[in-house]
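Notes follow once the structure below has been shown.
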Amino acid sequence: MKIAVAKGDGIGPEIMQAVLAIFDASKAGLQYEFVEMGKWVFDKGFSNGMTPQAQQTIEELGILFKGPMETPKGKGVKSVNVTARKTWNTYANKRVFQSLHGVDTVFSKAGIPIDLTIVRENIEDTYGGIEHMLTHDVALSRRFITRPGSMQVIRYAFEMAKKQNARRITCGHKANIMKLTDGLFLEVFYEVAKEYPELAADDKIVDDLAMQLVVKPNQYDVIVLTNLQGDIISDLCAGLVGGLGFAPSANIGDYISIFEAVHGTAPDIAGKGIANPTALLLSGLALLRHVGLTENAAVIENALLYTLEQGIRTGDFGDRSKPALNTMQFAEAIIGNF
Ligand code: NAD
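To convert, note that position 66 of the sequence shown is 66 in UniProt numbering; the numbers rise steadily by one, no gaps.
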């Protein structure tokens, strides 16, 4: 099977090389069609950060595995990440946060395992980037929440929660203040909930949710949110399981799905070959499962967990008294544990 791969900017090519080496060593049998996307493509003069050939390839293959990409600074330039999600209507951003042995956090030290899934609406909200200056001193941003847009992501969240036998599904929102926009999202949530009586559905105001996730994360299971609030809450959850180096993400649409790490291009460590490839690898595992390569995913996942349990680490996590491996050495350690 063939997938489209965009290596990305900054640490992107380094972590992508490591993850594809792990895929190949597991004999996943994937073929990669490398596509041109990212900051360097903006620099070549393509205003949306991808070449027409890249767009065509991704549309033909339906799966894009991508490294992080930098948005060039300056007014009027849209993020290629946001453009990709909109172009292909990948309306649901699924992020799974699980405690990993060998990755110390406040919760792992207290013996509290974390297993949370965040589904973030991926297209609407303030991400339309519709902003203008009303006067020299007043800036205005518009926020769109639509019934069909809310419906598709909330339905996806309920279906997913049902498939993974979730105990509870919670809608995070700020409908007490944004009564029409978040109010509509919440209304649709309870409308869809009626079709899933087997799932316990409830809602939480997002600021309270943030506090409760930090104090007692285990009480939640699946959480669905609008775009901006989902972005913030999912980074908070990344912190609960050890940071951005352990946060995978899948952008799901009806025709095209995009798998990527939550973190960015890490310009501070780019080019040094020391980045942690785990988040991209976890996103890769979601990709393998999405295309039916479940056995390869299980082999790689077990090897990754065992490697982490052994205390093998890159510089950004783990026991600082132990030496840190570089990106490719870390990948080789995982392959050695197949
Ligand atoms: P960042 O995630 O790139 O970095 C934040 C911190 O985390 C840095 O200290 C970095 O070194 C560290 N870090 C991130 N990933 C790491 C990894 N795999 N291993 C070890 N350490 C890691 O966030 P930023 O600095 O705010 O953003 C940099 C650029 O990335 C920006 O241009 C931003 O637009 C872009 N970005 C892209 C995506 C994406 O492509 N989906 C997501 C977020 C940010």
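For each residue, glycine too, the CB sits at the ideal point set by N, CA and C.
_Chain-order list of residues whose beta-carbon lies under 6 Å from that of F144 (same chain, five-residue window excluded)_ = Result list for F144: E124 and G128, in chain order.
Worksheet entry | Close-in-space but distant-in-sequence residues of the same chain around P267 (CB under 6 Å, 5 per side omitted) | G10
ask   = In chain order, which beta strand (DSSP E) runs of at least 3 residues are fully inside the segment 177 to 217?
value = 200 to 205
Review point. What residues does ligand 1 have around it, judged by CB closer than 5 Å to any heavy atom, in chain order?
Key: P68, M69, E70, T71, N81, L244, G245, H263, G264, T265, A266, D268, I269, A275, N276 and D316
- prompt: In three-state DSSP terms, what is K174?
  reply: coil
task = Please classify residue 349: does DSSP put it in a helix, a strand, or coil?
result = Because the chain in this structure spans residues 1 to 338, residue 349 falls outside the shown range and cannot be described.
**OP:** Measure the alpha-carbon distance for I269 versus M69 and round it to whole angstroms.
**Re:** 15 Å
Hey, quick one: how far does the alpha helix (DSSP H) through A21 stretch, first residue to last? G12 to A25
field: Rounded C-alpha distance that separates A175 from D182
entry: The alpha-carbon atoms of A175 and D182 are separated by roughly 5 Å.
**Asked** How would you label Q164, buried or exposed, when you count the other beta carbons within 10 angstroms and need 16 or more for buried?
**Response** By the neighbour-count rule (16 or more Cβ atoms within 10 Å), Q164 is not buried but exposed.
- Put E159 into one of helix, strand or coil per three-state DSSP. Correct three-state label for E159: helix.
Query - Residue nearest to I154 in terms of C-alpha spacing, selected from L225, M328 and A333 - result: L225
message: Quick check for students: name the residue ranges of the beta strand (DSSP E) that lie wholly in the segment 82 to 147, counting only runs of 3 or more.
response: 92 to 98, 115 to 121, 131 to 135 and 138 to 141
| said: Just to check my reading of the structure: F317 and G242 have Cβ atoms closer than 8 Å, yes? What is that Cβ distance to the nearest angstrom? | reply: 6 Å
ask   = S141 and T126: beta carbons closer than 8 Å?
value = yes
Practice problem: Have a look at H184 and S26 and give me their C-alpha separation to the nearest angstrom. | Solution: Before going on, a small fix: residue 184 reads as Leu here, not His. Taking the straight line from one Cα to the other gives about 46 Å.
Our contact map puts M160 next to K204 with C-beta atoms below 8 Å; I'd like the distance itself, whole angstroms only.
Not really, about 19 Å apart at Cβ, beyond 8 Å.
If you run the structure through DSSP and keep just helix, strand and coil, what is R320?
coil
* **Residue burial classification, D231 (beta-carbon count within 10 angstroms, cutoff 16)** => buried
Count Cβ pairs between the segment 201 to 221 and the segment 39 to 57 that sit closer than 8 Å; are there 3 or more? no
Next item on the list: Give me the Cβ distance between A28 and L293, rounded to the nearest whole Å; I'm assuming they're in contact under 8 Å.
Entry: In this structure A28 is in contact with L293, their Cβ atoms being roughly 5 Å apart against a cut-off of 8 Å.
Worksheet item: If you count every other CB in all the chains shown that lies within 10 Å of the CB of residue 341, and 16 or more means buried, which is it?
Response: Residue 341 lies beyond the range of the chain shown here (1 to 338); nothing can be said about it.
Review point. Do the segment 94 to 109 and the segment 236 to 250 make contact, defined as three or more Cβ pairs closer than 8 Å?
Key: yes
query = Which ranges does the alpha helix (DSSP H) cover as unbroken runs of at least 4 residues, wholly within the segment 23 to 71, from first to last along the chain?
reply = Counting only runs of 4 or more, we get 39 to 43 and 52 to 61.
CB-CB length for V35 against I58, believed under 8 Å: 6 Å
Buried or exposed by the 16-neighbour rule on C-beta atoms within 10 Å, applied to M133: exposed
Reference E33, options K322, E260, I130 and K2, closest by Cα:
K2
What residue from E187, Q31 and H173 has the CA that sits closest to D207's CA? H173
**Q.** Unbroken beta strand (DSSP E) run spanning F259, endpoints
**A.** S257 to A261
Practice prompt. From the DSSP output, in three-state form, read off S249 for me.
Written response: If DSSP states are grouped into helix, strand and coil, S249 belongs with the strands.
Quiz item: Given a threshold of 16 other Cβ atoms within 10 Å of its Cβ, counted over all protein chains shown, does E260 qualify as buried or as exposed?
Solution: Under the 10 Å beta carbon count, E260 is surrounded by 16 or more other beta carbons and is classified as buried.
**Item:** G45 beta carbon less than 8 Å from that of residue 339
**Value:** Any property of residue 339 remains undetermined from this structure, which presents the chain solely from 1 to 338.
Inset, instruction - Sort N337, E191 and I312 by Cα distance to T327 and report the nearest one. - result: I312
Check V299 in the structure and name its three-state DSSP category. helix
- Message: I'd like to confirm the pairing. Which residues does DSSP put opposite I154 in its beta bridges?
- Response: Beta-bridge pairing links I154 to no other residue.
### Query
Under a three-way DSSP split, which group does I232 fall into?
helix
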